[in-house]
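Numbering (my numbering), first residue to last: 1 to 164.
Yeah, the Cβ is synthetic: ideal placement off N, Cα and C, and Gly gets one too.
Just so it is clear, the structure is predicted and the values come from calculations on it, not from any experiment.
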Amino acid sequence: MHFRFFGALLFALLSGFVKADDELARLTADVMRHSAKVHALEQELLHPADSRLAIFLSLASNAELELDSVELFLNQQPVTAHLYNATERDSLGQGGIHQLYLGNVADGEHLLKAVISARATNNRFVRRELVRRIVKQAGTLRLQMVLSAPAPEFEPELAIKTWD
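The structure is reproduced here in structure tokens:
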């Protein structure tokens with residue numbers, strides 16, 4: 001008699017745990033879905049499309065550089081800095097693109113300065129400031145900075161491409 005009672009009690013407890021696990025999984029999925037929606041709304045508020053500026057960095061196929069770091073300034077104000085590890089350098093060397101900056105700027109002319117630290121294939125350490133004027137118009141402006149260091153000088157050069 002006691003075994004049947006305890007068996008029935010154990011069965012009831014286990015089925016209750018299964019229902020609780022199912023409910024917890026459903027609630028977790030709901031939270032994740034709502035979190036993604038909140039993140040998307042937050043990005044729209046923080047970075048409205050009409051004033052957005054996105055800056056990416058890539059290495060030219062002939063870039064004979066081991067990139068160490070990049071500092072980015074917009075209108076003489078620092079906006080980002082990144083120190084590259086070996087994995088990131090390998091990724092860039094294989095054609096990867098790194099998003100350096102995403103922010104908001106007003107329409108008009110702006111001064112973009114990149115400070116690049118790298119080691120050239122001739123084992124010389126180089127640090128260069130590369131300055132460009134950019135013009136921001138209505139809508140999102142996406143810029144790709146392409147870093148190269150052609151032989152024989154291995155001096156860093158920076159080209160800026162606008163993405164449509």
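Per-residue DSSP class, three states only, for residue i
i, result
"Gly93", "helix"
"Thr121", "coil"
"Asn138", "One point to set straight first is that residue 138 is Ala, not Asn, in the sequence displayed. Ala138 falls in the coil class under three-state DSSP."
"Tyr38", "One detail in the question is off: residue 38 reads as Val in this sequence, not Tyr. Correct three-state label for Val38: helix."
Close Cβ partners of residue i (< 6 Å) along its chain, the five nearest in sequence each way excluded
i, result
"Ala81", "Glu71"
"Val146", "Ser58, Ala60, Ala159"
"Ser51", "Asn104"
Beta-carbon proximity list for residue i, same chain, < 7 Å, skipping 5 on both sides
i, result
"Asp107", "Lys136, Gln137, Ala138"
"Ile55", "Leu72, Leu100, Tyr101, Leu143, Met145"
Distance, residue j Cα to residue i Cα
i, j, result
"Gln99", "Lys113", "16 Å"
"Arg89", "Val79", "21 Å"
"Thr121", "Phe154", "8 Å"
"Val131", "Asn123", "25 Å"
"Ala149", "Leu24", "55 Å"
"Met32", "Thr140", "28 Å"
Identity of the residue in the options nearest residue i by Cα
i, options, result
"Arg142", "His39, Asp68, Arg128, Trp163", "Trp163"
"Pro156", "Ala40, Val38, Ile116", "Ile116"
Hey, is the stretch 56 to 68 in contact with the stretch 16 to 35, meaning 3+ C-beta pairs nearer than 8 Å?
With a cut-off of 8 Å, the stretch 16 to 35 and the stretch 56 to 68 do not count as touching, because too few Cβ pairs lie within range.
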